[in-house]
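Here the structure is laid out as structure tokens; the discussion comes afterwards.
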Amino acid sequence: MPIKSENSAVWQFGELSINSEAGGVQLLLDSLTWQEDVLIKSINYQCPQSLTLYPKHQCHGAKLSFDYGNTVYTSKLDSKFDFGQSFWQLNVSSIDEQLTVSLSSESRKGEIKLKHLKLATLIDSLKLDSRMPELPVGNFDGDLLFDLDDLGLKTADNITFSEFSYEYSDDVIVAALAGKLNFELDMEQQLLNYHLQLNAGEMLFNELYVDFSGYPISITGQIKSQTTGYLIEAELTNKQSLKLSAKASLNNSLQWSQPSMRALIFDSHHFNQHILGSVLGIYGFGESDMSGQFEVIATSNSDFFDQWLIMFNDYYFLNEPRKIAAEALNGRVDWHQSQANDDSNLSWQGLLLAGLPVNTANIQFNFSQDQFELIGAQSFPVFNGAIQLDQLKLDELFSESIEMSLNANILPISLKLITEKMGWPIMAGSISGDIPGMVKQGQVIKFLGALDLEVFEGNMLIDNLSLERLFGVAPVIAADVKFNGFDLSLLTETFGFGLITGKLSGVVDGLRITNWKTDRLDAEVFTVKTKGIKQTISQRAIDNISSLGGIQGAISKTFLRFFDDFRYKKIKLSCKLHNSVCEIGGIKNQNNQFTIVEGGGIPNINIVGFVRTINWDEFISRLLNANYDG
Amino acid sequence: MMNKWSKSMLVGSFVFIAACVTINVYFPAAEVESAAKEFVEDVLREEVGNDQDDQTGLIDSAIMRSIAINMNPINWFISSAHAQADINLSSPAITSLKKKMIDRMSNSLRGHLDNNVIGFTNTGLVEIIDAGKLGLKDRQAIKKVVADENRDRNALYREVAIANNHPEWEDQIRTAWVKQWMAQAKAGWSYQNAAGQWLKK
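Chains as they are written, first to last, in my numbering: chain C, 1 to 630; chain V, 1001 to 1201.
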């Protein structure tokens, strides 16, 4: 029985049977076809009341079931028909009334009520063909309004949702989200405007974890149809620390393109506490503290972010375990993955890099592709001196082996200030010299030449210098050191050791400092007789050298205490440190006996040691605290 | 036709040549393995309540190591200069790394190994294999623990090589540790075989 309507839609009805009994009325239609495409089978309408069907029919609590696409759908129905007046009104709801659709012939507008609608039940009952590996679950409450004229759908008020969970993989998952949703969908314009408030639940996106009960987020955005897919825009806000806007195109194959993102972190302390801190922890920078603002802008002309701009605004950072800090950092770091980029600049009031403090300064550089290059010569003040970089260029930054081209030198820095900062005995003199080129291989930065320094009025050559895991686990500094011409009076004055005059030279092979503590070395220091330089050793110094062997007051407790100082011929001390034990030696090493000081006049004082091994910490403690009462 | 004398000469020559073969074992595999065994034992050891009743403590691990070395028949023949090299695991860096690894094992890793959330890889590291049993916050936390452990393990293999004056041994030392992590894994723990498959011990 075909029926043709005004808009050419063709309905075809199959066999119809009507049963009316005392217990109710039943209408059975074996098939209903629309435009030969849509086939609905086994339509069964049952009204529990015995009522007329024509010309008027009104039923409360009827049941409707039908088969569409081999799936049987059942629902509850409140209906009202007046065929004479061409009036009808329907309230169709799922059996448990989670979803109710209301529609009447008087209006092209209808209403959908969600009453604790379980998303899983809806998806399951609709038998949606989803490509998602896991289906989302969640509960929804609220009213939706739809308009059949302009094919619009919108929320009447906020829809509240809870327990919304979706697991894409072990690393991409949301759980127990709760909040409010507001949207307006215009099907004709293919436009969706939405506002979402997340007040509870959690999200894990690879390394990023968010607990929305502690860090509520609101998202406002739009999804607009384009010729090749959709344009998606979103503005994400946390009132206390974050404002993020993002945009991307999504094609019909669900592939992203031309993404852009701008994130202003206007309270980095709050953002770090809730979001960033735990991510930094994974990369070994846990226990970081920060304040101030920074902004991240990422753009792309392809399907991934390839240009990044980070802008700092009065930003502070501190990581005590790694000895890294930045104070009042301002400026921008601009990087492009595949082409030359604008220059970057940073300024700060103070920096701490692996313990090295850099005073107020600024830096201009270019960071493009895998290259970093300093723009022009720049000076970075360190204490009362500076590190002068005339040229610095790093190539292949993201490879295992980084080439560093460096032309730099240290302008004199007071040793007093360095040693004060390090908590070492205060040393006199200054440090200055050239810094050779460097290369980074894996975790190791190797200096390509020797570092030539001027210290204690002598010269120190640091060769084979390498820095390993500088900002990582158990950082290591390794080197071979040679020095000569040290003014012993300056050196001994520094350590409060008792005055020794003369010139000191030495060799420290295989020096390895791990976790800022000396781990290994093979050292030998000795005096070198120099024309015009007296070689004397004070009574106090003799007592203190003797104390290295555990003897206290070697001179001061004898008649020799009446002499202020003594002439010496040679002083030599060696230490081979391994497994925290130092094997000591001197001028003449015979069995367990070694000479540290060989006297050179009258009275002739020789200091001879008999204990060849000593715990390193004990040795250093005696050396640095050699302040026995004489 | 070869006479008896010639045959004897030929056989004698082979014996002589065979007797002159020199085997240079530059990498002290047995000692490294023994040191790795001891180190891994210390890290994986579960604390027991009453130390005084623990009779295993009466046998010094260094003595056991020495016995193990001497029981190895290879060591009866190989030049002592190479084979009896003592492996040093006592540098401050190694000691510090070991302490961190022991603490981490007690505080979190052991529980995750018991539950097969993580396993031992065939590269001497640990890896998350199934975090599905964990809450989201714990999934992030385990990433940190695994990253920390792997940073320490990578540093350890290098530091052991350096402490023994052979940085070039790092890969072989890592291999020795891989073997021990797997050998001493508890029944039920997950590990990765050479082909990269995850198996349960």
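Just so you know, even glycine gets a beta-carbon here, dropped at the ideal spot from N, CA and C. These numbers come from a predicted model, not from an experiment.
In terms of beta-carbon proximity, C:G281 lines the interface with chain V, with at least one pair separated by less than 9 Å. DSSP assignment within the region 1095–1169 of chain V yields the following whole beta strand (DSSP E) runs of 3 residues or more, N-terminal first: 1118–1120 and 1126–1128. Here the region 258–267 of chain C makes contact with the region 236–247 of chain C; the two share three or more CB pairs at distances below 8 Å. Scanning C:V137, C:N182 and C:Q190 for the CA closest to the CA of C:D150 turns up C:Q190. Counting only Cβ-Cβ distances below 9 Å, C:A175 has contacts in chain V at G1135 and L1136, in chain order. Boundaries for C:N544: no beta strand (DSSP E) harbours it, while the alpha helix (DSSP H) harbouring it runs Q539 to S547, taken from the DSSP string.
For a Cβ distance threshold of 9 Å, residue set D170, D171, I173, L204 and Y209 of chain C lies close to V:R1139, ordered along the chain. Not a single C-beta of chain C is nearer than 9 Å to the C-beta of V:D1042. For the region 162–205 of chain C, the full-length beta strand (DSSP E) segments reaching 3 residues or more read 172–186 and 191–205 along the chain. Among the CB atoms of chain V, none fall inside 9 Å of the CB of C:K323. For V:L1097, a Cβ of chain C is located within less than 9 Å of the residue's own Cβ.
Counting along the chain, no beta strand (DSSP E) covers C:L254, and no H or E run does either. Between the alpha carbons of C:N301 and C:Q293 lies a gap of roughly 27 Å. Between V:D1042 and the set V:W1181, V:A1194, V:Q1192 and V:G1196, the nearest pair of CA atoms involves V:W1181. In the DSSP assignment, C:K440 falls within the beta strand (DSSP E) that extends over M438 to Q441. Interface annotation for the region 517–547 of chain C against chain V: K517, D519 and R520, criterion Cβ-Cβ distance under 8 Å.
A check of alpha carbon separations from C:K416 across C:T74, C:G69 and C:V455 identifies C:V455 as the nearest. Beta-carbon to beta-carbon, C:L29 and C:W11 are separated by about 11 Å, too far to satisfy the 8 Å threshold. Of the candidates V:K1098, V:Q1184 and V:V1178, the residue whose Cα lies closest to the Cα of V:N1193 is V:V1178. Taken atom to atom, the span from the alpha-carbon of C:A386 to that of C:A328 is near 20 Å. Just so you know, the alpha carbons of V:K1143 and C:L389 end up roughly 39 Å apart. By the Cβ-count criterion, C:N91 is buried, with 16 or more other Cβ atoms from all chains shown falling within 10 Å of its own Cβ. Chain-order list of chain V residues neighbouring C:A248: empty, with the shortest C-beta distance near 25 Å, by a criterion of under 8 Å. Per the C-alpha coordinates, the member of C:I431, C:I445 and C:L208 positioned closest to C:G437 is C:I445. A buried status is given to C:E202, since no fewer than 16 other beta-carbon atoms sit within 10 Å of its beta-carbon. Relative to C:Q371, the option among C:A361, C:P357, C:N345 and C:S399 whose CA is nearest is C:S399.
For C:G277, the enclosing alpha helix (DSSP H) starts and ends at G277 to I282. Proximity to C:I223 across C:Q240, C:N251, C:I418 and C:F205 peaks at C:N251, based on C-alpha coordinates.
With contacts defined as CB atoms closer than 9 Å, C:V279 and C:M311 fail to qualify as a contacting pair. Secondary structure note for C:S368: its beta strand (DSSP E) is the uninterrupted segment L356 to S368. The beta carbon of V:N1088 sits closer than 9 Å to some beta carbon of chain C.
Listed along the chain, the chain C residues whose CB falls inside 7 Å of the CB of V:R1151 are G284, G472 and V473. Less than 9 Å separates the beta-carbon of V:L1156 from that of V:L1097. The beta-bridge partner set that DSSP reports for C:Y568 consists of C:G599. Within its own chain, the residues whose Cβ lies closer than 6 Å to the Cβ of C:T237, once the five positions on either side in sequence are excluded, are S218 and K243, listed in chain order. The shortest C-alpha to C-alpha distance from C:F566 to any of C:E524, C:S580, C:N484 and C:V597 is the one to C:V597.
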